[in-house]
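**Student:**
In mature numbering (1 follows the signal peptide of the UniProt record, and there is no 0), the protein residues as written are -26 to -1, 1 to 344.
Following this line, the structure appears as structure tokens:
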């Protein structure tokens, strides 16, 4: 694996954490966990072109998210019930996180409550301070994307002691890791299913295709998981992995830099999967300038610039999931708990409704990110 040497600063690091799919970066996952998961993945030989269709049909989704419920129960509105939800936004400068806050505000208002929102401005310490502030204001529940879940551990104890419920997305970041005590509930954003669907698309389109990965050169388990699972499902579908290059940061410019390095070394790739849509936009530029226009660039995230690139044919595909539904679901979970509804609601669910976007259905997305 080749990495573009990182030269990012602390502020860029926090921006990246917030920007990639608006997902919490769970520091609770260890390298031992990751190694065990990789070791558990069954080895699959590369497919020849002739058996590709049979292989695709045989590979059903059986990943760790397969057995999770796909929604918290939708609550009934309890007339006259008043409540307050805290939302410590990691950054109001990131479109996907703005969408999360919009979802929280809209759903809480519909249910008769109010929201106190803060802006951590990419700072882990500021988010810790914001959560402390919300607890001091005695909010009934907190809904959040955590920049660093471990930094919040002492505050989870304080929240539990005073009766404030805390709901989170993607902590832990993998559905096969233990539930992190202290949180009242969690929703996964569907990272593993996204990897499966994108690998399946390539296997259906070009059985046995050769492909490379563009990841992110940041030591965060969630970011590596996004990329590593594509390789896992690619192996299952009989695709041929060639190489991986990691970009410095999550921008089109860094994607173009990583793509240029990749295409300089490999002139016979069929496809490139990227960790995020921002990277995919840059990689598509690098493909064109490198004279490799035929390479299929497959992004991830459903960002508006990538959707436009799919429509133009610059990108082969991306993966979209609703930027609002993730936290609407967490508000449902909080309201159920506060009003005593659906006492048997699950502690963990996975976001459903995500889908691969190609030129054929790119116009169907009414809720793009950004």
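For each residue, glycine too, the CB sits at the ideal point set by N, CA and C. The structure presented is a predicted model; accordingly, all values stated were derived computationally and were not measured.
For residue 62, which of 40, 100, 273 has the nearest alpha-carbon?
**Tutor:** As a working note, residue 62 is residue 88 in the chain shown. Of the candidates 40, 100, 273, the one whose C-alpha sits nearest the C-alpha of residue 62 is 100.
**Student:** Per DSSP, which one or two residues make a beta bridge with residue 160?
**Tutor:** The residue labelled residue 160 in the question sits at position 186 within the chain shown. Its beta-bridge partners are 142, 322.
**Student:** State the Cα-Cα distance for the pair residue 115 and residue 175, rounded to the nearest angstrom.
**Tutor:** As a position in the chain shown, residue 115 is number 141, starting the count at 1. As a position in the chain shown, residue 175 is number 201, starting the count at 1. If I take the Cα positions, the gap works out to 40 Å.
**Student:** Identify which residue in 300, 284, 301, 299 has its Cα closest to the Cα of residue 293.
**Tutor:** Counting from one through the chain shown, the residue named residue 293 turns up at place 319. Nearest C-alpha to residue 293: 284.
**Student:** Whole angstroms are fine: how far does the CA of residue 271 sit from the CA of residue 202?
**Tutor:** One-based indexing of the chain shown puts residue 202 at position 228. One-based indexing of the chain shown puts residue 271 at position 297. Between residue 202 and residue 271, the C-alpha separation is close to 17 Å.
**Student:** Give every residue of the same chain whose Cβ lies closer than 7 Å to the Cβ of residue 120, excluding the five residues on either side of it in the sequence, and list them in chain order.
**Tutor:** Within the chain shown, the letter at position 146 stands for residue 120. These residues qualify, in order along the chain: -3, 126, 142, 145.
**Student:** The beta strand (DSSP E) spanning residue 62 covers which residue range?
**Tutor:** Numbered from its first residue, the chain shown carries residue 62 at position 88. Unbroken beta strand (DSSP E) run through residue 62: 58 to 63.
**Student:** Hey, is the stretch 96 to 111 in contact with the stretch 320 to 335, meaning 3+ C-beta pairs nearer than 8 Å?
**Tutor:** Touching, no, given that fewer than three Cβ pairs across the two stretches are closer than 8 Å.
**Student:** Determine the DSSP secondary structure at residue 131, reduced to helix, strand or coil.
**Tutor:** Numbered from 1 along the chain shown, position 157 holds the residue referred to as residue 131. The answer is helix: DSSP assigns residue 131 an H, G or I state.
**Student:** Residues in its own chain within less than 6 Å of residue 290 by CB, not counting five upstream and five downstream?
**Tutor:** As a working mapping, residue 290 is identified with position 316 in the chain shown. Here the set comprises 270, 271, 272.
**Student:** Taking only the alpha-carbon atoms, compute the straight-line gap between residue 274 and residue 343 and give it to the nearest angstrom.
**Tutor:** Here the question's residue 274 lines up with position 300 in the chain shown. Here the question's residue 343 lines up with position 369 in the chain shown. Spanning the two alpha carbons is a distance of roughly 11 Å.
**Student:** Write down every uninterrupted run of the beta strand (DSSP E) in the stretch 230 to 259 whose length is 3 residues or greater and which is fully enclosed by it, in chain order.
**Tutor:** Listed in chain order, they are 245 to 248.
**Student:** Going by DSSP, which residues form a beta bridge with residue 189?
**Tutor:** Taking the chain shown and counting its residues from 1, the one referred to as residue 189 is at position 215. In DSSP, residue 189 forms a bridge with 220.
**Student:** Can you tell me whether residue 175 is helix, strand or coil according to DSSP?
**Tutor:** In the chain shown, the residue the question calls residue 175 occupies position 201. It is helical.
**Student:** With a threshold of 7 Å on Cβ separation, who are the neighbours of residue 327 within its own chain once the five nearest residues in sequence on each side are excluded?
**Tutor:** As a working note, residue 327 is residue 353 in the chain shown. Here the set comprises 295, 296, 299.
**Student:** What does DSSP give as the partner residues of residue 93 in its beta bridges?
**Tutor:** By 1-based counting over the chain shown, the position of residue 93 is 119. Residue 93 is bridged to 63.
**Student:** What residue range does the beta strand (DSSP E) around residue 118 cover?
**Tutor:** On the chain shown, position 144 is the one that residue 118 refers to. 115 to 118 is the span of the beta strand (DSSP E), which, as asked, contains residue 118.
**Student:** Going straight from the alpha carbon of residue 215 to that of residue 52, what length do you get?
**Tutor:** Numbered from its first residue, the chain shown carries residue 215 at position 241. Numbered from its first residue, the chain shown carries residue 52 at position 78. Using only the alpha carbons, I get a separation of about 53 Å.
**Student:** Keeping to the same chain, check which residues put their C-beta closer than 7 Å to that of residue 1; ignore five residues upstream and five downstream.
**Tutor:** Locating residue 1 in the chain shown gives position 27, where the first residue counts as 1. Residue placement at residue 1 cannot be trusted, given a pLDDT of 33 that sits under 50; the coordinates are not used to answer.
**Student:** Where do the ends of the beta strand (DSSP E) carrying residue 330 lie?
**Tutor:** Position 356 of the chain shown, counted from the first residue, corresponds to residue 330. Counting along the chain, the beta strand (DSSP E) containing residue 330 begins and ends at 329 to 331.
**Student:** What three-state label does DSSP hand residue -20 in the structure shown?
**Tutor:** As a first step, residue -20 must be located in the chain shown, where it is residue number 7. Note that residue -20 has pLDDT 39, beneath the 50 cutoff, so the model's placement of it is unreliable and the number below is only indicative. Coil at residue -20, not helix or strand.
**Student:** Any idea if residue 40 is buried or exposed, counting beta-carbon neighbours within 10 angstroms, 16 or more meaning buried?
**Tutor:** In the chain shown, the residue the question calls residue 40 occupies position 66. Counting Cβ neighbours within 10 Å, residue 40 comes out exposed, since fewer than 16 surround it.
**Student:** Is the beta carbon of residue 305 less than 9 Å from the beta carbon of residue 59?
**Tutor:** For the purposes of this step, residue 305 is taken as the residue at position 331 of the chain shown. For the purposes of this step, residue 59 is taken as the residue at position 85 of the chain shown. Against a cut-off of 9 Å, the Cβ pair of residue 59 and residue 305 comes out as a contact.
**Student:** Which first and last residues belong to the beta strand (DSSP E) in which residue 292 is found?
**Tutor:** Counted from its first residue, the chain shown places residue 292 at position 318. First-last of the beta strand (DSSP E) with residue 292: 292 to 294.
**Student:** Under 8 Å by Cβ, that's how I've got residue 81 and residue 302 pegged, so tell me the actual separation to the nearest angstrom.
**Tutor:** Here residue 81 refers to the residue found at position 107 of the chain shown. Here residue 302 refers to the residue found at position 328 of the chain shown. Right, their Cβ atoms sit about 5 Å apart.
**Student:** Checking the sheet assignment: what are the DSSP bridge partners for residue 381?
**Tutor:** The structure shown has nothing for residue 381, since the chain only spans -26 to 344.
**Student:** So who's on the other strand from residue 184, going by DSSP bridges?
**Tutor:** Start at 1 with the first residue of the chain shown, and residue 184 comes out as number 210. Answer is 214.
**Student:** Starting from residue 88, follow its DSSP beta bridges and name the residues at the other end.
**Tutor:** The residue labelled residue 88 in the question sits at position 114 within the chain shown. BP columns for residue 88 point to 58.
**Student:** With 16 other CB atoms within 10 Å as the buried threshold, where does residue 341 fall?
**Tutor:** The count along the chain shown starts at 1 and reaches residue 341 at position 367. Residue 341 comes out exposed.
**Student:** Tell me, which residues are paired with residue 309 by DSSP?
**Tutor:** Position 335 of the chain shown, counted from the start, is the residue given in the question as residue 309. Partner(s): none; residue 309 has no beta bridge.
**Student:** Just to confirm before moving on: does the CB-CB distance between residue 157 and residue 149 stay below 9 Å?
**Tutor:** The count along the chain shown starts at 1 and reaches residue 157 at position 183. The count along the chain shown starts at 1 and reaches residue 149 at position 175. Against a cut-off of 9 Å, the Cβ pair of residue 149 and residue 157 comes out as no contact.
**Student:** Contact between the stretch 128 to 142 and the stretch 313 to 328: three or more CB pairs below 8 Å?
**Tutor:** No contact exists between the stretch 128 to 142 and the stretch 313 to 328.
**Student:** Per DSSP, which residues does residue 343 bridge with? Please list them.
**Tutor:** Within the chain shown, numbered from 1, the residue matching residue 343 stands at position 369. 277, per the DSSP bridge assignment.
**Student:** Residue 164 to residue 92, Cα distance in whole Å?
**Tutor:** Position 190 of the chain shown, counted from the first residue, corresponds to residue 164. Position 118 of the chain shown, counted from the first residue, corresponds to residue 92. Near 26 Å, if we compare the C-alpha coordinates of residue 92 and residue 164.
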